[in-house]
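**Q** Got a structure for you, written out below as structure tokens; questions coming shortly.
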Amino acid sequence: MKIATWNINSVRLRLDQVERFLTEQAPDVLCLQEIKVAEHLFPHEMFERLGYTHRAIHGQKGYHGVATVSKVPFAEFSRHDWQDNGEARHVGVELQGAGQGLILENVYIPAGGDIADRAVNPKFGQKLDFLERMTRWADKIDRPTLIVGDFNIAPLPSDVYDHKALLKVVSHTPIEVETLGRFQDAHGWVDLGRQFIPAPERNYSWWSYRSYWRQKDQGRRLDHMWASPDLAKQARAHCFVEETRRWDQPSDHVPLISEFEL
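In terms of UniProt numbering, the sequence shown opens at residue 1 and continues consecutively.
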């Protein structure tokens, strides 16, 4: 079972890139974040043509949004609004057939704005609260679960190009790392990215559009695939597909792929 995740930064704008990725990598399931489209306008035809006939879409006009597309049958399992503000950021499915019983949660955690202080930047507080609510939810999970997506946090010093320089920059601040750590501990999630590519090996998934990313390599590991402890034992491989960042008009994120023996 080959499962991929990708913050696509507009699925309609980059539909050709999604098609190329699906054709070249052929995952069984692809979780997309930041699809930026309402559910009734989602571009179903291409996915149908390539055999991704099972789809769960939690979208909205112009912003956010998540979608899970699959060759493997599934039933929608969950749909959360962790901020209680109508933003489409989380959809879960339960696989059927191959991988039967596996829960796959697809989440797009808020970026949190530019200032790491909830007193002056409400978006930062919303990000921390989002994670705290997810932590209480994770504490009750009792099924084999894989949670994937854009977490918008690079937890380890080696998950960013310059640890000291980014300690006060949103996505790598100590309070975000601590909050994400509580979420991880609540279920004992196994970080597949670091299980297969141990720190301090380079393992970035995002580069800003504002920097000359190839020359400076100012990356961060913001995207993650975390598995329940028992499920993690069935993981056989994990990689990031950096070549997509070199494609024309790319997303600022690259896809991750994990393979399981289920």
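Just so you know, even glycine gets a beta-carbon here, dropped at the ideal spot from N, CA and C.
1. What's the call for residue 238, buried or exposed, on a 16-neighbour Cβ count within 10 Å?
2. Quick check on residue 114: buried or exposed, where buried means 16 or more other Cβ atoms within 10 Å of its Cβ?
3. Bridge partners for residue 145 per DSSP, in chain order?
4. Using a threshold of 9 Å, state whether the C-beta atoms of residue 21 and residue 170 are closer than that.
5. In terms of DSSP beta bridges, what is residue 5 paired with?
6. Assuming residue 166 is part of the beta strand (DSSP E), what are its boundary residues?
7. Would you kindly report the start and end of the unbroken beta strand (DSSP E) that includes residue 199?
8. For the 8 Å Cβ check, are there 3 or more pairs between the region 19-38 and the region 63-71?
9. Using the Cβ count rule (16 or more neighbours within 10 Å means buried), how would you classify residue 26?
10. If we count Cβ pairs, one from each stretch, closer than 8 Å, do we get three or more for the region 201-218 versus the region 125-141?
11. Evaluate residue 136 with the Cβ neighbour count: other Cβ atoms within 10 Å of its Cβ, from every protein chain shown; 16 or more gives buried, anything less gives exposed.
12. Secondary structure at residue 109, three-state DSSP: helix, strand or coil?
13. Would you mind stating whether residue 228 and residue 145 have Cβ atoms separated by less than 9 Å?
14. Check whether the Cβ atoms of residue 93 and residue 59 sit closer than 9 Å, and answer yes or no.
15. Using DSSP with H/G/I as helix, E/B as strand and the rest coil, what is residue 206?
16. Starting from residue 57, follow its DSSP beta bridges and name the residues at the other end.
17. Which of the three DSSP states, helix, strand or coil, is assigned to residue 236?
18. So who's on the other strand from residue 78, going by DSSP bridges?
19. Going by alpha carbons, who is nearest to residue 80 out of 166, 44, 88?
20. Whole angstroms are fine: how far does the CA of residue 160 sit from the CA of residue 220?
**A** Considering the structure as presented:
1. buried
2. exposed
3. 103, per the DSSP bridge assignment.
4. no
5. Under DSSP, the beta-bridge partners assigned to residue 5 are 31, 256.
6. Here residue 166 belongs to no beta strand (DSSP E), and DSSP marks it neither H nor E.
7. Element bounds for residue 199: n/a, residue is neither H nor E.
8. yes
9. exposed
10. no
11. exposed
12. coil
13. yes
14. No, the pair does not count as a contact, with Cβ atoms beyond the cut-off.
15. strand
16. 67, per the DSSP bridge assignment.
17. strand
18. Residue 78 is bridged to 92.
19. If we check each option's Cα against that of residue 80, 88 comes out closest.
20. 4 Å
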